[in-house]
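Notes for the one structure printed next.
Residue numbers (our numbering): 27 to 331.
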């Protein structure tokens, strides 16, 4: 039976689409928000992580909590202050939820949290499973802290699921519009060597996976949330240009130029992560978009030259 879902980070790219899909399936959806008065589409309860406050009524509205909160990785240049915020925004909200769930009466049965495949670091062309070694760069360290915070929920006997998200594809935000813009202007080009692997997932598939993790009690622990067929950056750029009916005429953007433009963030753009979807597939989950061509076609298939 559909129940009540409380979402943190609900106004983000995944949160908004997930909320729509949950409502379509008969769930009640509420968001935790710093500014609940600005929310019109969904019921919203106030939380203020810096002040250590959550409206306790929110927890009465939750059979499951879906945790998507976190400052955007690519929204701003990585100053030391921004890096602290990227980490803090992922860890402190979970810590606050844990504190409230430890002391308040509630009916929460499970905690489903986002993490990211950035935990594996730059791994070349090795195929990565959930048991693979972690990286030691900035994003890997952020993901380790993020997951360590989420694991605390098991102490409260909550079924805990962590989905390590690949590059979520949507024309409404995230990486895809940033990649599509130069292609549209016929200035698209592979980045660096172009050989680095990109493990991607269509936004609808990632939302279906969150819903599956809510509904299927066999889900517990860590799962890679990636489509079964990762591609290299060069392949991605070529497929995107074909989907948008645009030519690719420029040479690759050299790594040093990316470093000049992006600073330390260029490491994330140039990192190679070839991530396996086998564990999710073994649960019986079926992807709607298995190949990149299908995913891009769902966004750009109706566009003409």
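C-beta atoms are modelled at their ideal positions from N, C-alpha and C, and glycine is treated no differently.
Cut-off 6 Å between Cβ atoms - residues of its own chain near residue i, not counting five sequence neighbours on either side
{"i": "residue 42", "result": "none"}
{"i": "residue 182", "result": "127"}
{"i": "residue 188", "result": "139, 141, 173, 176 and 248"}
{"i": "residue 291", "result": "104"}
{"i": "residue 305", "result": "156 and 249"}
{"i": "residue 44", "result": "233 and 236"}
{"i": "residue 80", "result": "73 and 126"}
{"i": "residue 178", "result": "124"}
{"i": "residue 252", "result": "192, 225, 227, 301 and 303"}
Through-space distance from residue j to residue i, alpha-carbon basis
{"i": "residue 216", "j": "residue 259", "result": "6 Å"}
{"i": "residue 66", "j": "residue 186", "result": "30 Å"}
{"i": "residue 229", "j": "residue 101", "result": "19 Å"}
{"i": "residue 157", "j": "residue 209", "result": "36 Å"}
{"i": "residue 46", "j": "residue 296", "result": "33 Å"}
{"i": "residue 160", "j": "residue 146", "result": "4 Å"}
{"i": "residue 69", "j": "residue 131", "result": "20 Å"}
{"i": "residue 281", "j": "residue 219", "result": "8 Å"}
{"i": "residue 244", "j": "residue 232", "result": "18 Å"}
{"i": "residue 180", "j": "residue 263", "result": "41 Å"}
{"i": "residue 214", "j": "residue 59", "result": "37 Å"}
{"i": "residue 310", "j": "residue 61", "result": "39 Å"}
{"i": "residue 53", "j": "residue 286", "result": "47 Å"}
{"i": "residue 136", "j": "residue 201", "result": "30 Å"}
{"i": "residue 149", "j": "residue 300", "result": "7 Å"}
{"i": "residue 313", "j": "residue 111", "result": "33 Å"}
{"i": "residue 82", "j": "residue 207", "result": "43 Å"}
{"i": "residue 63", "j": "residue 71", "result": "9 Å"}
{"i": "residue 204", "j": "residue 129", "result": "43 Å"}
{"i": "residue 261", "j": "residue 37", "result": "31 Å"}
{"i": "residue 274", "j": "residue 167", "result": "36 Å"}
{"i": "residue 283", "j": "residue 133", "result": "52 Å"}
{"i": "residue 328", "j": "residue 87", "result": "40 Å"}
{"i": "residue 331", "j": "residue 246", "result": "Its pLDDT being 44, under 50, residue 331 is placed unreliably in this model, and the coordinates cannot settle the point."}
{"i": "residue 307", "j": "residue 317", "result": "14 Å"}
Residue nearest to residue i in terms of C-alpha spacing, selected from the options
{"i": "residue 124", "options": "85, 101, 279 and 159", "result": "85"}
{"i": "residue 114", "options": "128, 98 and 127", "result": "98"}
{"i": "residue 95", "options": "58, 305 and 34", "result": "34"}
{"i": "residue 154", "options": "326, 44, 268 and 224", "result": "224"}
{"i": "residue 93", "options": "62, 243, 56 and 299", "result": "56"}
{"i": "residue 184", "options": "202, 103, 91 and 316", "result": "91"}
{"i": "residue 288", "options": "104, 53 and 59", "result": "104"}
{"i": "residue 302", "options": "250, 227 and 275", "result": "250"}
{"i": "residue 29", "options": "51, 304 and 305", "result": "51"}
{"i": "residue 326", "options": "279, 270, 151 and 136", "result": "270"}
{"i": "residue 268", "options": "293, 49, 319 and 226", "result": "319"}
{"i": "residue 238", "options": "36, 48 and 207", "result": "48"}
{"i": "residue 196", "options": "266, 144 and 80", "result": "266"}
{"i": "residue 89", "options": "306, 241, 129 and 205", "result": "241"}
{"i": "residue 272", "options": "305, 212 and 304", "result": "212"}
{"i": "residue 32", "options": "322, 227 and 236", "result": "236"}
{"i": "residue 169", "options": "321, 152, 144 and 252", "result": "144"}
{"i": "residue 39", "options": "199, 315 and 284", "result": "199"}
Residue(s) in a DSSP beta bridge with residue i
{"i": "residue 112", "result": "Partner(s): none; residue 112 has no beta bridge."}
{"i": "residue 190", "result": "141 and 250"}
{"i": "residue 30", "result": "54"}
{"i": "residue 69", "result": "56"}
{"i": "residue 228", "result": "195"}
{"i": "residue 79", "result": "74"}
{"i": "residue 93", "result": "34 and 139"}
{"i": "residue 185", "result": "136"}
{"i": "residue 153", "result": "300"}
{"i": "residue 217", "result": "279"}
{"i": "residue 223", "result": "258"}
Own chain, CB closer than 7 Å to residue i, minus 5 neighbours either side, in chain order
{"i": "residue 109", "result": "164"}
{"i": "residue 222", "result": "258, 259, 296, 297 and 298"}
{"i": "residue 277", "result": "215"}
{"i": "residue 162", "result": "147"}
{"i": "residue 152", "result": "300"}
{"i": "residue 293", "result": "163"}
{"i": "residue 315", "result": "228, 231, 253, 321 and 324"}
Close-in-space but distant-in-sequence residues of the same chain around residue i (CB under 8 Å, 5 per side omitted)
{"i": "residue 171", "result": "113, 116 and 117"}
{"i": "residue 279", "result": "215, 216, 217 and 218"}
Report yes or no: do three or more beta-carbon pairs, one from the stretch 74–90 and one from the stretch 110–126, lie closer than 8 Å? Yes, they touch.
I want to know whether the stretch 240–257 touches the stretch 187–201 - three or more CB-CB distances under 8 Å. The answer is yes - the stretch 187–201 touches the stretch 240–257, with three or more Cβ pairs under 8 Å.
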